[in-house]
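Residue numbers (this note's numbering), protein chains in the order written: chain R, 2 to 156; chain P, 1356 to 1795.
For reference, the structure discussed in these notes is given below.
Below is the structure:
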């Protein structure tokens, strides 16, 4: 059917390989789709299960301190503080810790760097540094129900 | 009750927006899909309006009003003349089979990704579901937009998606399943709009091809399952792109309405609405039609303005910019060159796009040279061009911002690009071969 080089609307003769028919467009889409499906299947069912561990729910880490914080606002301190200006990378440990704590503890508003509010949430990547943060900011520990996540108040 | 309000509102809007009856099953499916997308959007916008006006979420009385308004519109506008006959270009069985396999793989990938990342993508818990939690948990909804939060929570973003999720939480309880189901629904709507619109206007073959191009795009199931606002805004952009190509003023009004819902979904929605309007004026030179489009978008533009003026803190792109930084970036040729290289690299980014973007780039060049670009395709090119200066002039590290946002912008525009370009591709296909094969 395609061997004769059918004339186009303009009337000029064109070689068969240059004719764009709906069958050829369908075949091209099908080929692109097979490539896309192959990539999807490989990534989701082979590569990701091997290399990307299943994430734990964010709430799991922060659920134990929820009963110790009141509504409104709380200060937020960390050994890896979040970035507050223009950034070159959002996925830093400090940003991740802050944003995950904010997500879990909403509607409590966490104010980064603030240590004089009546309640201060401390969220550290290295639990051994909790004492150092308490001393530096002159805070008293209220509770540390999970290693690295604590509530404190000003002395 | 809230589901009924969504269905009735959507049905009323669609009855109002289409001057003729659906002439085919795909046409009917397109209207049903549009009704669902519009109903969800209206319900969320009403939720926001009520909160901002009174500080309280909508109650049963509000839902009854929405139900009554939708039912009234439907009753008033349901009688219509018959529409044009449905173009017959059936899809062969092998194409249906391939499409079914592609849908199955995408659905399985959606489930796998949702189980692996139970809180969704980074932006889902940093922005969208965080906002939904604030809206549903807080005594004062304004805390969701507090300037004391880190700016990365993007308190200035419009909140159609958080509104939908918060309403889901209110109805079903704060279950982790709710944002996942909302994400799945918007993914299905995006696919259904592409398939049904192209099937209704061009024939089933072209609808299935459009569906394949969406569902077999490797990053589509990932973005759908990420619970972010990119797929929802793609739904409204695709709907607006499909409707703005129509000639009746009622469809133009509905196109504006859909574009307005896109504005209430993401900041980029305003750019897309402006691009659609600009392309319409350039191509049609019809100020009355343009006004009709603007009238459709007006309620949501007003809602967005109200939110931006009264509640939203400044956007980080403007807050961290100074006149000196903007000028410095504008005249820095290295920054423009860096952007160009990043764009070129992204087109061949196989992991996310397979080979679809390479094919799309070639098709765009071919169609543009033959002056076959449709009105919505022109609008998408305007939007694409407008993102260039935004990337260059913004204050963050260009490579980081591009890396974390370019794929999302492409996913936002991809369903609309299919709706816009496949009709042109069909008209490019050799008519003589088509008629020969139709006889065969």
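Glycine included, C-beta positions come from ideal geometry on N, C-alpha and C.
With DSSP as the reference, please indicate the residues paired to residue 142 of chain R in a beta bridge.
Counting from one through the first chain, the residue named residue 142 of chain R turns up at place 141. DSSP lists R/153 as partners of residue 142 of chain R.
Simplified DSSP state of residue 110 of chain R, which is helix, strand or coil:
As a first step, residue 110 of chain R is located in the first chain; it is residue number 109 there, counting from the start. Residue 110 of chain R falls in the strand class under three-state DSSP.
Which residues in chain R sit within 8 Å of residue 1488 of chain P, going by Cβ to Cβ distance?
As a working mapping, residue 1488 of chain P is identified with position 133 in the second chain. Result: 104, 107 and 108.
Against chain R, with Cβ distances strictly below 9 Å, would residue 1397 of chain P count as a contact?
If you number the second chain from 1, residue 1397 of chain P lands on position 42. Output row for residue 1397 of chain P: interface = no.
Segments assigned alpha helix (DSSP H), at least 4 residues, entirely inside the stretch 55-137 of chain R:
Counting whole runs of 4 or more residues, the stretch 55-137 of chain R contains the alpha helix (DSSP H) stretches 60-63, 94-106 and 131-137.
So if DSSP puts residue 1375 of chain P in a beta bridge, which residue, or which two residues, is it bridged to?
The residue labelled residue 1375 of chain P in the question sits at position 20 within the second chain. Beta-bridge pairing links residue 1375 of chain P to P/1436.
Taking contact to mean 3 or more Cβ pairs, one atom from each stretch, closer than 8 Å, check whether the stretch 121-133 of chain R and the stretch 1357-1373 of chain P are in contact.
With fewer than three CB-CB distances shorter than 8 Å, the stretch 121-133 of chain R does not count as touching the stretch 1357-1373 of chain P.
Along chain R, which residues have their Cβ under 8 Å away from the Cβ of residue 1492 of chain P?
By one-based count along the second chain, residue 1492 of chain P stands at place 137. The answer, in chain order, is 107 and 108.
Considering only their Cβ atoms, is the gap separating residue 1476 of chain P from residue 1580 of chain P smaller than 9 Å?
One-based indexing of the second chain puts residue 1580 of chain P at position 225. One-based indexing of the second chain puts residue 1476 of chain P at position 121. Going by C-beta atoms, residue 1580 of chain P is nearer than 9 Å to residue 1476 of chain P.
Return the residues of the stretch 1585-1599 of chain P that lie within a Cβ-Cβ distance of less than 8 Å from chain R, sorted by chain order.
Taking 8 Å as the upper bound on Cβ-Cβ separation, chain R lies near no residue of the stretch 1585-1599 of chain P.
As assigned by DSSP and simplified to three states, the class of residue 1729 of chain P
Along the second chain, one-based indexing puts residue 1729 of chain P at 374. If DSSP states are grouped into helix, strand and coil, residue 1729 of chain P belongs with coil.
Quick one: grab the DSSP three-state call for residue 15 of chain R.
Position 14 of the first chain, counted from the first residue, corresponds to residue 15 of chain R. For residue 15 of chain R, the predicted structure reports a pLDDT of 49, less than 50, and the residue's modelled location is therefore unreliable. A value from the coordinates is still provided. The answer is coil: DSSP assigns residue 15 of chain R none of H, G, I, E or B.
How would you write the range of the alpha helix (DSSP H) that residue 1394 of chain P sits in, first residue to last?
Position 39 of the second chain, counted from the first residue, corresponds to residue 1394 of chain P. Taken as a continuous stretch (DSSP letters only), the alpha helix (DSSP H) holding residue 1394 of chain P covers 1380-1409.
So what does DSSP say about residue 147 of chain R, is it helix, strand or coil?
Residue numbering aside, residue 147 of chain R sits at position 146 when the first chain is read from its first letter. Three-state DSSP puts residue 147 of chain R in a strand.
Alpha-carbon spacing of residue 1713 of chain P relative to residue 1702 of chain P, whole angstroms:
Locating residue 1713 of chain P in the second chain gives position 358, where the first residue counts as 1. Locating residue 1702 of chain P in the second chain gives position 347, where the first residue counts as 1. Each residue's Cα considered, the two are about 6 Å apart.
Residue 66 of chain R touches chain P at which residues, Cβ-Cβ below 8 Å?
Within the first chain, the letter at position 65 stands for residue 66 of chain R. What residue 66 of chain R touches in chain P: nothing, since even the nearest Cβ is about 16 Å away.
State the Cα-Cα distance for the pair residue 1541 of chain P and residue 1757 of chain P, rounded to the nearest angstrom.
Stepping through the second chain from its first residue, residue 1541 of chain P is reached at position 186. Stepping through the second chain from its first residue, residue 1757 of chain P is reached at position 402. When rounded, the distance between both Cα atoms is 25 Å.
Alpha carbon of residue 1640 of chain P to alpha carbon of residue 1601 of chain P, nearest angstrom
The residue given as residue 1640 of chain P occupies position 285 in the second chain. The residue given as residue 1601 of chain P occupies position 246 in the second chain. Going from the Cα of residue 1640 of chain P to the Cα of residue 1601 of chain P covers about 14 Å.
Any 3 or more C-beta pairs closer than 8 Å across the stretch 1615-1628 of chain P and the stretch 1584-1600 of chain P:
Segments in contact, yes.
So, do the stretch 1747-1756 of chain P and the stretch 1690-1701 of chain P have three or more beta carbon pairs nearer to each other than 8 Å?
For the pair of segments examined, the stretch 1747-1756 of chain P was found to touch the stretch 1690-1701 of chain P: the number of CB pairs separated by less than 8 Å reaches three.
Using alpha carbons as the reference points, say which of P/1381, P/1360 and P/1391 lies closest to residue 1369 of chain P.
Here residue 1369 of chain P refers to the residue found at position 14 when the second chain is read from its first residue. For residue 1369 of chain P, the closest of P/1381, P/1360 and P/1391 by C-alpha to C-alpha distance is P/1391.
Exposure of residue 1398 of chain P, with buried meaning 16 or more beta-carbon neighbours within 10 Å
For this step, residue 1398 of chain P is matched to residue 43 along the second chain. By the neighbour-count rule (16 or more Cβ atoms within 10 Å), residue 1398 of chain P is buried.
Chain-ordered chain R contacts of residue 1711 of chain P [CB-CB under 8 Å]
On the second chain, residue 1711 of chain P is found 356 positions in, with the first residue counted as 1. One finds 33 and 37 in chain R with Cβ atoms closer than 8 Å to the Cβ of residue 1711 of chain P, taken in chain order.
Whose C-beta lies closer than 6 Å to the C-beta of residue 1375 of chain P among residues of the same chain, with five residues either side of it excluded?
The count along the second chain starts at 1 and reaches residue 1375 of chain P at position 20. Answer for residue 1375 of chain P: 1435, 1436 and 1438, listed in chain order.
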